[in-house]
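Report on the structure given below.
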Amino acid sequence: MQTNAITSVVIIGGGTAGWMSAAALCTVLKAQNLDITLIESEAIGTVGVGEATLPHIRFFNEKLGIDEAEIMRRTQATFKLGIEFKDWGKIGDSYIHPFGNFGRDINRVPFHHYISRAAQMGADMDTHIDAYSLPIMAARAGKFERPHKDPKNILSTFGYAYQFDASLYAKYLIGFAEKRGVTRIEGRVNDVSLRPEDGFINAVTLDNGKVINGDLFIDCSGFRGLLIAQALKIGYKDWTHYLPCNRAVTVACDHKGLRVPFTTATAKTAGWQWRIPLQHRTGNGYVYCSDFISDDEAAGSLMSGLEAKTNTEPKHLRFTTGQRAKTWHKNCVAIGLSGGFLEPLESTGIFLIQEAITTFLDMFPSKNCPKIDRDSYNRIMDLSFERVRDFLLLHYVATSRDDSPFWKHCASIKLPDSLRHKMDLFRASGRVASYEVGAFKDPSWLAVYYGQGIIPRGYDPMTDLMPDALLPKQLEDFKQTIARAVSTMPDHQDYLTQMGRGA
Amino acid sequence: MSARQTLIILGGDIAGSMAAAYLGRHLPASRFEVILVDPSILEHSSWCAASHPNLKAFNRALGINEVDFITSANASFRLGDYYDGWGPAPYHNVFSDYGIAIGGTAFHDHLRHQAGEDALAQYEHYALPVRMAQAGVFTPPSTQNHPIISDYDYGYHLDPTAYAGRLTQAAISFDVKHIQSTPKAYTWSENKLDTVMLSNGTELCADLYINASGHPLAETAFNAWTEIGCAQSYTAYAHEPQSKRLGLSSHFKTTQTGWTLSCPNQLGDIELAFFDNPETGEHRYEAGYTQQVWQANVLNIGFSSAIIEPFLGLTLRTIQHDLERLLALFPARLGLPDTLNEQVEYNRLSNAQHEYLRDYIAIHYASSTKSIDGNLLPNLSASLPPSARAKLDMFKARGRINMLDERDSLRGNWVPMLLGHGIRPERYNLMAEDVDVKEFKEATLSLESLIIHTIEHMPRHEDFIKRRCAAKGFNYGG
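Respectively, the protein sequence lines represent chains V and P.
Take the numbering used here: the last position of the first sequence gets the number 503, and nothing is skipped along the way.
Take the numbering used here: the last position of the second sequence gets the number 1478, and nothing is skipped along the way.
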């Protein structure tokens, strides 16, 4: 055991951020024998609106030893193969951003170049990139089963995540964490006391007068940032000039039809609307910019487009897109909404929480929280946030939509240099400028480019090594391979039901 | 279909024949004609006497099978580097992980937690290729996907001139036009190279010139990095074998005036003596990189793009990376303004790679405690670039190597280098404390017996070669 070791951790706020942090700390750092306390107030609602996730969540659950079938049961989860984007490139479009690649390399050239070449040949071939993605075709057909274990089998070439009720996930983690020694305290934080000698947080005081001391504080208090913003005065990097949406109105409704294995994001007049299929109901939300539509109009638009009835009133939320200037300051780490917010267009909310937690655990500090640790952590989180931001921005600018003031505004957004360079390179040559850090790798960028109508002018010259005459057959063969594989997969609905029976 | 475009490779260092073979193999003849202008003298070739494991993929891409390569290039096997006089004790830097990353936490964190700071001096004991090198035995890694015995990699010691010859032969078989001549004059319009006049009287014109001559063709911004501690001149020698046993490591030994590198191939040793003083060695050089490697219609590769000292076989490795990057970005049609985006991206990645390697070498010099016969030599590392300083500080603080966007990152080579130089981190990853003594002991004991058992059954390096792939004139057959 090292001297100067942290012995007590206080987490302010529950919800997914707070309870994922608590659950991870008590499992992964068990040997530290940390005294972990989580303070949450029932009176302060958490922002639970039904959530879609990325495949990374499965590894998080695995690391904690959580059984998949059980957690899916407890959170009313469905499987997710990707996100369908409607009306983004232009009204009437629909594409899916899947968890998986497009086609496979031929002569070491990525598949999409062959599609570009086929399109330029004017060949009578299906040049929609969708047909060459197993997870997309499975999603469209409403099929799902877990990927095959054999990496040589085409049915292994995709990933998956969940659509679930995040508040039920947090609830599950409460039981998980409490069983492993985490103390839950009901209460509101009233005051935060700082140490005069170094400005570190010393303790928090609750409404009932109780004082909780700690070596390390994790701020999961949501947008208000009780510790990081209010007590430690850390500012916020406002990214509204990149992503203008600042409101959401949400409501759950009954389910209509089959539960599909994907989330839908439909572009609208002043933003976009999500549809998240859960086992027991459907989650809906309209994310919009208040400069271009009023709250009432937005709510009206949301309610009028629901697939089935609802008994609940829509909930309104406000937010500012951006990131906390520093997510780790002194002995306080801000995780979740207190650390920043990016709209859930690509299901990154829980992912960024998980990134923050796993990065922090890997760098768990000594009591004095050395600056070298904090600076390194902040650099990693800054890059993570920025890379997601830029990928979301791509959706808004890779479009020909100009049918409303909102879309006209998006066309005028001044892009960050790195995104401008990525888009220029792709348009010219079909090459994806990839960066190592970041949630979204090349296949994701390809999905959005092709899906939203950005077809490259050029393509890899090495595609020419395949004679013109052979290309149509190669493409058709691969398309058939995928179609055949998809036909062997069970219906998502049936698969879920079977799992529920413990099959 | 539009007319074929022309690529001219201006040869002069090994990068020229590598480019000719690689591009000749991959670029469709219907679109591009590739010409190699070959002055038949290789500059600085001795720096490429040691390869990184990535060379295997390069040869495979060219359709040159391993035995063909080994016998043509007089190659022997190389498990890594051996640094003698750079730290408190000699150490190896090999192409594998060291120890076992139990629970996903780095082995050196476990070693530190379980056995204390002093145990870090034994770090290399836990790497199979280190023990193989010490015993002088070799077998390629198992292809059965077993832990440890499948998890190491190897490169080669080779004769660069012989390899270049084999590559040129391959290029010709890929229809590359081979002209044995030397460029005598160039005509330019601003920064665009119009024509090249050869010593045989012909004048050539290309859409893209690949400058592998060993030096830039025109004034160009060069970022020298000598002040990180690099040497400034060298002399190359070729010897008969200096040892009865065929070594498995490149031997980097400190001297009063700099350091030496010895690379044993099948026929003999290629030795380089590096000198801190620019006047001492036969060839002067300035370590560093060209900022805009692809400018207008000239792309610099090899020594014309960067001068990188051959630690870990980096010199040869970098040329291969450059060619792979070029192919990954190769435009459908050459010529500005169409290729501007590819050039910008190529240069961005090239600069990032060069800066990353500069930082590795800088930290190598800055952290080393050079000595001869127990006497400490002055550390000539005068400055550390900020990014390198941050990496070194982080390792000193908590034994962690920060990687952000670095690709092809020499991931496993930082820790052996820093520990080998005697750097002892102040803290370690607390996730190591989640593994108890029993689990650690079991893991390390079974690793030790696996290593011992595996080595017992491995033939001597020279016997392996004799049986499988001896070149003509193989000098260890006796």
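Ideal Cβ placement from N, Cα and C applies to all residues, glycine included.
Quick check on the DSSP output: the alpha helix (DSSP H) that includes residue i runs from which residue to which?
i               : result
T497 (chain V)  : 492-500
R374 (chain V)  : 371-397
S167 (chain V)  : 166-179
E355 (chain V)  : 349-362
S1449 (chain P) : 1437-1456
N1351 (chain P) : 1340-1367
S1051 (chain P) : From DSSP, S1051 (chain P) is part of no alpha helix (DSSP H); its letter is neither H nor E.
Y1067 (chain P) : The sequence given here places Val at residue 1067 (chain P); Tyr does not occur at that position. First-last of the alpha helix (DSSP H) with V1067 (chain P): 1066-1072.
From this set, the options, which residue's C-alpha is nearest residue i's C-alpha?
i               : options                            : result
K414 (chain V)  : V:F426, V:S429, V:L393             : V:L393
I276 (chain V)  : V:A229, V:Y286, V:R387             : V:Y286
I39 (chain V)   : V:V211, V:K152, V:G339             : V:V211
N1347 (chain P) : P:I1363, P:R1333, P:L1326, P:G1335 : P:L1326
E1279 (chain P) : P:L1312, P:A1231, P:T1318, P:V1196 : P:A1231
V1437 (chain P) : P:L1111, P:I1070, P:P1459, P:N1145 : P:L1111
K1244 (chain P) : P:G1012, P:G1011, P:N1475, P:I1148 : P:N1475
A299 (chain V)  : V:F60, V:T312, V:I11, V:H316       : V:H316
R504 (chain V)  : V:D198, V:R180, V:G209, V:Y172     : Shown here, chain V extends from 1 to 503; a query on residue 504 (chain V) therefore has no answer.
G438 (chain V)  : V:G430, V:F111, V:E355             : V:E355
E1345 (chain P) : V:I228, V:S376, V:R431, V:G336     : V:R431
I1301 (chain P) : P:Y1154, P:I1070, P:T1315          : P:T1315
S8 (chain V)    : V:A203, V:F164, V:F102             : V:A203
A77 (chain V)   : V:G257, V:S21, V:N190, V:L168      : V:L168
A1332 (chain P) : V:D464, V:G283, V:F364             : V:D464
Q163 (chain V)  : V:G349, V:D403, V:C220             : V:G349
M466 (chain V)  : V:R74, V:A267, V:D105              : V:D105
M1458 (chain P) : P:L1198, P:L1128, P:N1297          : P:L1128
Could you tell me how far apart the beta carbons of residue i and residue j are, in whole angstroms, since I believe they sit closer than 8 Å?
i               : j               : result
T995 (chain P)  : G1412 (chain P) : What the structure shows of chain P is the stretch from 1001 to 1478, and residue 995 (chain P) is not part of that stretch, so it cannot be assessed.
E1433 (chain P) : A166 (chain V)  : That belief does not hold up - the Cβ atoms of E1433 (chain P) and A166 (chain V) are roughly 31 Å apart, past 8 Å.
A325 (chain V)  : I234 (chain V)  : 5 Å
V1037 (chain P) : I1179 (chain P) : 5 Å
L1023 (chain P) : L1042 (chain P) : Wrong, their Cβ atoms sit about 19 Å apart, outside the cutoff.
A1133 (chain P) : L1079 (chain P) : 5 Å
Less than 7 Å between C-beta atoms, sequence neighbours within five positions excluded: which residues of the same chain meet that for residue i?
i               : result
R457 (chain V)  : R427, A428
Q2 (chain V)    : With a pLDDT of only 49 at Q2 (chain V), under the threshold of 50, the placement of this residue in the model should not be trusted, and no figure is reported.
L1349 (chain P) : R1325
Y1360 (chain P) : L1410
F1077 (chain P) : F1138, Y1154, Y1156, L1248, H1461
Y495 (chain V)  : F144, E145
E1227 (chain P) : A1382, S1383
Might you give, ordered along the chain, the residues of its own chain that have their beta carbon closer than 6 Å to the beta carbon of residue i, omitting 5 neighbours on each side?
i               : result
V1415 (chain P) : H1108
L1334 (chain P) : Q1005, D1207, L1208
M499 (chain V)  : A69
M489 (chain V)  : A138, K143, E145
I6 (chain V)    : D215, L216, K367
I1270 (chain P) : S1046, A1049, A1238, C1263
I1465 (chain P) : none
Can you tell me where the beta strand (DSSP E) with residue i in it begins and where it stops?
i               : result
K237 (chain V)  : 236-238
F1077 (chain P) : 1076-1078
V211 (chain V)  : 211-213
Y1126 (chain P) : Counting along the chain, Y1126 (chain P) falls outside any beta strand (DSSP E), and DSSP gives it neither H nor E.
D402 (chain V)  : Where D402 (chain V) is concerned, there is no enclosing beta strand (DSSP E), given that its DSSP letter is neither H nor E.
D219 (chain V)  : 216-219
T481 (chain V)  : That residue, T481 (chain V), is in no beta strand (DSSP E); its alpha helix (DSSP H) goes 471-487.
W1259 (chain P) : 1258-1264
F1275 (chain P) : 1269-1275
Please return the same chain residues whose Cβ sits closer than 8 Å to the Cβ of residue i, not counting the five positions on each side in sequence.
i              : result
C369 (chain V) : F200, L216, W328, K330, N331
A503 (chain V) : With a pLDDT of 40 at A503 (chain V), under the threshold of 50, the modelled position of that residue is not reliable, and the figure given next carries that caveat. Counting only Cβ-Cβ distances below 8 Å, and skipping sequence neighbours, we find nothing.
K268 (chain V) : D87, Y286, Y288, S301
Within the stretch 261-347 of chain V, ranges of the alpha helix (DSSP H) (whole runs, at least 4 residues): Restricted to the stretch 261-347 of chain V, the alpha helix (DSSP H) segments that are unbroken, complete and at least 4 residues in length are 295-304, listed in chain order.
Contiguous alpha helix (DSSP H) assignments of at least 4 residues, all confined to the stretch 88-139 of chain V: 111-121
Unbroken stretches of the alpha helix (DSSP H), 4 residues or longer, contained in the stretch 4-29 of chain V: Complete alpha helix (DSSP H) runs here, min 4: 15-28.
Complete runs of the alpha helix (DSSP H) confined to the stretch 1156-1230 of chain P [at least 4 residues]: Within the stretch 1156-1230 of chain P, the complete alpha helix (DSSP H) segments of 4 residues or longer fall at 1160-1173, listed in chain order.
Contained alpha helix (DSSP H) runs [length at least 4] in the stretch 414-470 of chain V, N- to C-terminal order: 417-429, 442-451
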